[in-house]
Amino acid sequence: MQIKRTTSPADFKQCALMMSKSEPWITLRRTFADSLKNLQDPLKEVYTAVENEKIIAFMILQMVGTFKGYVQSIYVEPGHRSSGIGTVMMRFAEERIFKETPNVFICVSSFNKKARKLYRKLRYTKVGELKDFVVNGHSEILLRKTLGPLSKFHKKPSEICQGDEQSKSSSRREI
Ligand SMILES: CC(C)(COP(=O)(O)OP(=O)(O)OC[C@H]1O[C@@H](n2cnc3c(N)ncnc32)[C@H](O)[C@@H]1OP(=O)(O)O)[C@@H](O)C(=O)NCCC(=O)NCCS
1 MQIKRTTSPA DFKQCALMMS KSEPWITLRR TFADSLKNLQ DPLKEVYTAV ENEKIIAFMI
61 LQMVGTFKGY VQSIYVEPGH RSSGIGTVMM RFAEERIFKE TPNVFICVSS FNKKARKLYR
121 KLRYTKVGEL KDFVVNGHSE ILLRKTLGPL SKFHKKPSEI CQGDEQSKSS SRREI
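Just so you know, our numbering puts 39 at position 39 of the sequence shown, and the rest follows in order with no gaps.
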């Protein structure tokens, strides 16, 4: 399996289709068009996990704004779940994010038991609960994993250059 960043319109369409047929997005009433718009947003980074030239998982990261380091969506194809791919994708996201900022944020729907269990296992802690945030009757739970306060997370100029190189090389990975 290879994880790589994509900006391909065909990949975006395929990912949007996968999301539109899957929970939690069905319950959250997120349409194909909504997901496609999100994937196409130039402020997002989309990473796919590819096996035998097929996308078997993907995630969307947001590296700007107050919640810089936000894992906006993560998806593993149903036939490939429960074999560690979600964990590998999350570890990849953490490695990418922690190069630039000391926090990883993720929102999980209150009804998404499997995802909540995974994030607990990866030591994410609850920051707050957004009641009736996307749809009535369900909350979005904001989680965080942190290396420490922003004020202590300083990068030296040499580390910034090094980090940029690492960031380029980490945008493609053989697993
Ligand atoms: C949530 C999601 C991304 C998790 O992906 P995944 O690939 O199934 O995650 P993992 O395989 O790493 O971990 C899930 C389970 O598999 C188990 N597992 C991991 N590696 C394993 C292995 N080699 N053999 C057997 N089981 C394994 C984990 O222990 C975990 O078990 P648990 O649920 O009993 O704790 C996936 O279920 C998904 O795409 N769901 C739909 C979309 C979604 O909900 N996204 C999250 C939105 S916030």
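Glycine is no exception: its CB is placed at the ideal position from the N, C-alpha and C atoms.
Exercise. Mind checking which residues open and close the beta strand (DSSP E) that includes Asn52?
Key: That residue, Asn52, is in no beta strand (DSSP E); it is neither H nor E in DSSP.
Quiz item: Would you say Val176 touches ligand 1, meaning its beta carbon is less than 8 Å from a heavy atom?
Solution: The chain is shown only over 1 to 175; residue 176 falls outside these bounds and no answer can be derived.
Exercise. Use the C-beta contact count for Lys145: other C-beta atoms within 10 angstroms, 16 or more gives buried, fewer gives exposed.
Key: For Lys145, the number of other beta carbons within 10 angstroms of its own is at least 16, and it is reported as buried.
Self-check item: Cβ-based burial, Glu129 [other Cβ within 10 Å; buried from 16]
Solution: Result: exposed.
Quiz item: What are the boundary residues of the alpha helix (DSSP H) that Asn38 is part of?
Solution: DSSP places Asn38 inside the alpha helix (DSSP H), whose first and last residues are Phe32 to Gln40.
Exercise. Using a threshold of 9 Å, state whether the C-beta atoms of Met18 and Ile74 are closer than that.
Key: No, the pair does not count as a contact, with Cβ atoms beyond the cut-off.
Quiz item: Rounded to a whole number of angstroms, what is the C-alpha to C-alpha distance between Glu251 and Arg96?
Solution: This structure leaves residue 251 out entirely; the chain is present only between 1 and 175.
Quiz item: What is the DSSP secondary structure of Tyr119, reduced to helix, strand or coil?
Solution: Helix.
Quiz item: Just to check, is the beta-carbon of His138 closer than 8 Å to a non-hydrogen atom of ligand 1?
Solution: Checking every heavy atom of ligand 1 against the Cβ of His138, none is found closer than 8 Å.
Self-check item: N- and C-terminal bounds of the alpha helix (DSSP H) containing Thr87
Solution: Looking at the DSSP string, the run of the alpha helix (DSSP H) that includes Thr87 is Ile85 to Phe98.
Quiz item: Gly79 by DSSP, collapsed to three states: which one?
Solution: Correct three-state label for Gly79: helix.
Self-check item: Distance between Thr125 and Phe133 (C-alpha atoms, nearest Å)
Solution: In this structure, the straight-line span from the alpha carbon of Phe133 to that of Thr125 is close to 19 Å.
Practice problem: Quick one: measure Cβ to Cβ for Ile60 and Leu39, integer angstroms, because I've assumed they're closer than 8 Å. | Solution: A Cβ-Cβ distance of about 7 Å is found for the pair Ile60 and Leu39, placing them in contact under the 8 Å criterion.
Self-check item: Simplified DSSP assignment, three categories, for Ser73
Solution: In this structure, Ser73 counts as strand in the three-state DSSP scheme.
Self-check item: Continuous alpha helix (DSSP H) stretch holding Lys126: start and end
Solution: Counted as a single uninterrupted DSSP element, the stretch harbouring Lys126 is not any alpha helix (DSSP H) but the beta strand (DSSP E) occupying residues Thr125 to Leu130.
Quiz item: Hey, Leu150 and Val108 are a contact pair by Cβ (cut 8 Å); roughly how many whole angstroms apart?
Solution: With 8 Å as the limit, Leu150 and Val108 do not qualify as a contact, their Cβ atoms being about 23 Å apart.
Practice problem: Would you mind stating whether Met90 and Ile3 have Cβ atoms separated by less than 9 Å? | Solution: Taking 9 Å as the cut-off, the Cβ atoms of Met90 and Ile3 do not count as close.
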